[in-house]
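**Student:**
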Amino acid sequence: DTEVTQTPKHLVMGMTNKKSLKCEQHMGHRAMYWYKQKAKKPPELMFVYSYEKLSINESVPSRFSPECPNSSLLNLHLHALQPEDSALYLCASSQDPSTNYGYTFGSGTRLTVV
Amino acid sequence: DAKTTQPPSMDCAEGRAANLPCNHSTISGNEYVYWYRQIHSQGPQYIIHGLKNNETNEMASLIITEDRKSSTLILPHATLRDTAVYYCIVRLITTSGTYKYIFGTGTRLKVLA
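Protein sequence lines correspond, in order, to chains A and B.
Using this note's numbering, you'd call the opening residue of the first sequence number 1 and step up by one each time.
Using this note's numbering, you'd call the opening residue of the second sequence number 1001 and step up by one each time.
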């Protein structure tokens, strides 16, 4: 299995809702990443997990809460989001945090906050 | 924050070589250059990476100048399916020793029939 799987593919949520995005890989990768991408902009790094521990938080608002329950799974919990949080949320993984090899990205979850 | 600069857009005729330049003049000696592409609304796809030698794989070639301040991604025979945004990335190392990609603005390549 050489894929990163993200679910759901699309999500519409209200500003008072709580929802979660899920990311899964079975390549034995030990680093996982969340990126946020607004329309016609490059992806922006949000979080980096290294061996299931949070190693980078790019000053992301607390309404985004990441979780890495095991080495194959990465979640992003969403609460009290704003319409400007609507974006494509991308998950990626790599062999380990310092590998020189590339990342494998999922296809993303397109989030709309209403 | 991005350490790379790329032209915002390029056109290429189908079947011709597409040469995408990238400037990374502040690159450090042990930093790799990575290229990814993103086809509309999909996740970025890894293409190739290199340190100082030229690299080739089944998708593309990467030419890095001797001073390592710039590189060129070459798609030897562009097809319509190569239409995408191409990102050149230099990986950063943080003060905690963790690596991270910072994407630049990318080049929107349009392959014309």
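For every residue, glycine included, the Cβ atom is placed at its ideal position computed from N, Cα and C.
(1) Return the CA-CA distance between T104/A and Q1045/B, expressed in angstroms with no decimal places.
(2) Give me the residue from P97/A, E44/A and A39/A with the minimum Cα distance to T112/A.
(3) Short check: CB of Q25/A to CB of V4/A, under 8 Å?
(4) Under the rule that 16 or more other beta-carbon atoms within 10 Å means buried, what is V1111/B, buried or exposed?
(5) Is the CB of K1003/B under 8 Å away from at least one CB in chain A?
(6) Cβ atoms of P43/A and G1104/B: under 8 Å apart, would you say?
(7) Would you call the region 1030-1049 of chain B and the region 1059-1067 of chain B touching, i.e. three or more CB-CB distances under 8 Å?
(8) What are the uninterrupted segments assigned as alpha helix (DSSP H) that are 4 or more residues long and contained completely in the region 1038-1097 of chain B, given in chain order?
(9) Do C1022/B and C1088/B have their beta-carbon atoms positioned less than 8 Å apart in this structure?
(10) Report the neighbours of P97/A on chain B: residues whose CB is nearer than 7 Å to its CB, in chain order.
(11) How about E1014/B and L1080/B: are their beta carbons less than 8 Å apart?
(12) Roughly how many angstroms separate the alpha carbons of A1078/B and A1018/B, rounded to a whole number?
(13) Looking at chain A, is there any beta carbon in it that lies within less than 8 Å of the beta carbon of I1074/B?
(14) Rank P1076/B, G1106/B, Q1038/B and I1102/B by C-alpha distance to the C-alpha of Y33/A and give the top, closest one.
(15) Under 8 Å between C-beta atoms, does L81/A make it to chain B?
(16) I'd like to confirm the pairing. Which residues does DSSP put opposite Y51/A in its beta bridges?
(17) If you draw a straight line from the C-alpha of K9/A to the C-alpha of D1067/B, how long is it?
(18) Smallest Cα separation from A80/A: which of A31/A, S65/A, T2/A and D1/A?
(19) Hey, how far is the Cα of I1074/B from the Cα of N1057/B?
(20) Could you tell me whether the Cβ of F123/A comes closer than 8 Å to any Cβ of chain B?
(21) Against chain A, with Cβ distances strictly below 8 Å, would Y1034/B count as a contact?
**Tutor:** Taking the geometry as given:
(1) One C-alpha to the other measures close to 7 Å.
(2) A39/A
(3) yes
(4) buried
(5) no
(6) With respect to the 8 Å criterion, G1104/B and P43/A are not classified as neighbours on the basis of their beta carbons.
(7) In short, these stretches touch, since the Cβ pair count reaches three.
(8) Secondary structure remark: continuous alpha helix (DSSP H) runs of at least 4 residues inside the region 1038-1097 of chain B: none found.
(9) yes
(10) T1098 and Y1099
(11) yes
(12) 6 Å
(13) no
(14) I1102/B
(15) Not an interface residue.
(16) Per DSSP, none; premise fails for Y51/A.
(17) 43 Å
(18) S65/A
(19) 11 Å
(20) Any question about residue 123/A goes unanswered here, given that chain A covers just 1 to 114.
(21) True, the Cβ-Cβ gap to chain A drops below 8 Å.
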